[in-house]
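To start, the structure under review is shown below, and the notes come after it.
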Ligand SMILES: Cc1cc2nc3c(=O)[nH]c(=O)nc-3n(C[C@H](O)[C@H](O)[C@H](O)COP(=O)(O)OP(=O)(O)OC[C@H]3O[C@@H](n4cnc5c(N)ncnc54)[C@H](O)[C@@H]3O)c2cc1C
């Protein structure tokens, strides 16, 4: 996708002038920049290797004041900036374009935990703190920071907020947007907005922090955030449940919520084929059932109580589901090792699918009540257009979010199937749109979905987005060519 993505709207893109590069280096000092091709390369390529860009300079500021100075220099010299966190984003938003006229500002040295206020259930962290470290810091004060996703060992909180990341516990705690009380942001003119308030009530006009959450670096650089913490559950139980269909899984979800309420934290759907791809391509995974079933749900309940206290309520909920014909079979792990093995089936999906063949990824959401219909219609439409296509659907069904990733038929080459990307996207996304869903549930738009967003979003919504972008970043220097095209 290196050259096929939408191009930035920079007029004539020009190289970053040497004197500007020198001024930027002076701002951060010798420890704060990289310019050797080998050092820069990892900042220019995406996790899936499908976006490769170029830059003359990666800046690694160590404090907010340096970020502010960098942005001021860039604004004066009209040099566009690509903010970058852990570089695990999946939509081409985090890498520079191929033309080489942008600088990358990495937040990886902004990694201080500024404050933990256990009584206020908040933690103030800088943007470059890795998500797993945020979770560990919360645990240290016997609290939970519930954002949890496959890339948590590498992604950073600034990137999580900028993509409004979801993950596996959205059902109970909401996505990143719901986990933030305040932000510090370097605005596109270099000023620092100190919005680091740890308040749950603050009705003093527009909620500006929400503008930057999910903006994918197009409105400013998040440098710090006040995060919400939650009571750390003392008891967790899990189950893997075999179900007949996605529609049944949604009915089961409703039943389980009726009986377990807020304690239901995770509800992930997996198609049988996804398990097979994992068994065929990876070592050390086990089928928890003796029989094969068409679909599975991996669910988790958590709450306060003595160890084991949620086992019986979960068993009762599953037994009721069994009587109603929604549950075909179920296993409940009785050790941490068994639980880890069940989760591996879910967490290794990205790797297993990568090894199985070329897939065309979709991160969509539809109302829960339409999930069954979405998968049925998309399967049928793709099967008719591409006989033998290998179906692959899994995801956070509790949030209506399905990763729908058809893989090339075995008789096709990967390249030939990849060439069908636009047509496949159109088939899947037309159905999503018809069901009033979203073409990007949690990964954002970046470059990958920018043009399609123009197709599926109402014109009024695009106009509002452009108005916000123009108001905050009139020079279009913050991650241009990502999320939206200003002059369309
Ligand atoms: C194995 C794997 C599993 C994943 N699972 C999930 C999942 O379950 N749910 C989910 O939502 N995502 C998932 N992702 C996608 C990705 O991890 C998330 O989007 C993550 O939030 C990105 O964080 P990052 O620090 O890597 O950001 P980056 O990739 O560095 O950046 C992402 C975007 O945010 C911008 N940005 C980064 N930092 C800042 C900042 N400080 N200020 C302003 N803009 C900034 C960048 O310019 C870019 O547009 C997964 C990715 C992988 C590789």
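Numbering (my numbering), first residue to last: 1049 to 1536.
All C-beta atoms, glycine included, are put in the ideal place defined by N, C-alpha and C.
For clarity, every value in this text was computed on a predicted model and none was experimentally measured.
Residue i burial status per 10 Å Cβ neighbour count (16 or more: buried)
| i | result |
| --- | --- |
| residue 1378 | buried |
| residue 1212 | buried |
| residue 1536 | exposed |
| residue 1294 | buried |
| residue 1249 | exposed |
| residue 1065 | exposed |
| residue 1257 | buried |
| residue 1131 | buried |
| residue 1411 | buried |
| residue 1285 | buried |
| residue 1413 | buried |
| residue 1426 | buried |
| residue 1052 | With a pLDDT of only 40 at residue 1052, under the threshold of 50, the placement of this residue in the model should not be trusted; the figure read from the coordinates follows. With fewer than 16 Cβ atoms within 10 Å of its Cβ, residue 1052 is classed as exposed. |
| residue 1432 | exposed |
| residue 1447 | buried |
| residue 1360 | exposed |
| residue 1189 | exposed |
Candidates the options, of which the one nearest residue i by Cα
| i | options | result |
| --- | --- | --- |
| residue 1297 | 1343, 1411 and 1383 | 1343 |
| residue 1237 | 1162, 1121 and 1265 | 1121 |
| residue 1502 | 1529, 1148 and 1483 | 1529 |
| residue 1085 | 1105, 1071, 1383 and 1301 | 1105 |
| residue 1158 | 1260, 1110, 1532 and 1473 | 1110 |
| residue 1247 | 1069, 1275 and 1365 | 1275 |
| residue 1195 | 1468, 1227, 1289 and 1068 | 1227 |
| residue 1352 | 1130, 1160, 1154 and 1192 | 1192 |
| residue 1221 | 1277, 1346 and 1202 | 1277 |
| residue 1144 | 1399, 1255, 1128 and 1370 | 1128 |
| residue 1519 | 1434, 1273, 1465 and 1534 | 1534 |
Residues bridged to residue i [DSSP beta-bridge criterion]
| i | result |
| --- | --- |
| residue 1468 | Residue 1468 pairs with nothing; no bridge assigned. |
| residue 1170 | 1165 and 1276 |
| residue 1241 | 1233 |
| residue 1107 | 1081 and 1153 |
| residue 1315 | 1347 |
| residue 1452 | 1441 |
| residue 1309 | Residue 1309 pairs with nothing; no bridge assigned. |
| residue 1215 | 1196 |
| residue 1284 | 1350 |
| residue 1378 | 1289 |
| residue 1191 | 1279 |
| residue 1100 | 1093 |
Cβ separation of residue i and residue j, assumed to be a contact under 8 Å, to the nearest whole Å
| i | j | result |
| --- | --- | --- |
| residue 1268 | residue 1526 | 6 Å |
| residue 1490 | residue 1223 | 7 Å |
Can at least three beta-carbon pairs, one atom from the stretch 1368–1386 and one from the stretch 1425–1440, be found at a separation below 8 Å?
The answer is no - the stretch 1425–1440 does not touch the stretch 1368–1386, with fewer than three Cβ pairs under 8 Å.
Report yes or no: do three or more beta-carbon pairs, one from the stretch 1217–1227 and one from the stretch 1304–1318, lie closer than 8 Å?
By the Cβ rule, the stretch 1217–1227 counts as touching the stretch 1304–1318, because three or more pairs are nearer than 8 Å.
Counting pairs of beta carbons, one from the stretch 1088–1105 and one from the stretch 1139–1152, are three or more of them closer than 8 Å?
The answer is yes - the stretch 1139–1152 touches the stretch 1088–1105, with three or more Cβ pairs under 8 Å.
Is the stretch 1112–1121 close to the stretch 1180–1199, with three or more CB pairs under 8 Å?
These segments do not touch.
Closer than 8 Å is the cut-off here; do at least three beta carbon pairs connect the stretch 1325–1340 with the stretch 1473–1484?
Contact between the stretch 1325–1340 and the stretch 1473–1484 is absent, because fewer than three Cβ pairs lie under 8 Å.
Between the stretch 1270–1284 and the stretch 1409–1426, are three or more C-beta pairs nearer than 8 Å?
The stretch 1270–1284 is not in contact with the stretch 1409–1426.
Check whether the stretch 1449–1461 touches the stretch 1402–1417, counting contact only when three or more Cβ pairs, one atom from each stretch, lie closer than 8 Å.
Contact holds: three or more Cβ-Cβ distances are below 8 Å.
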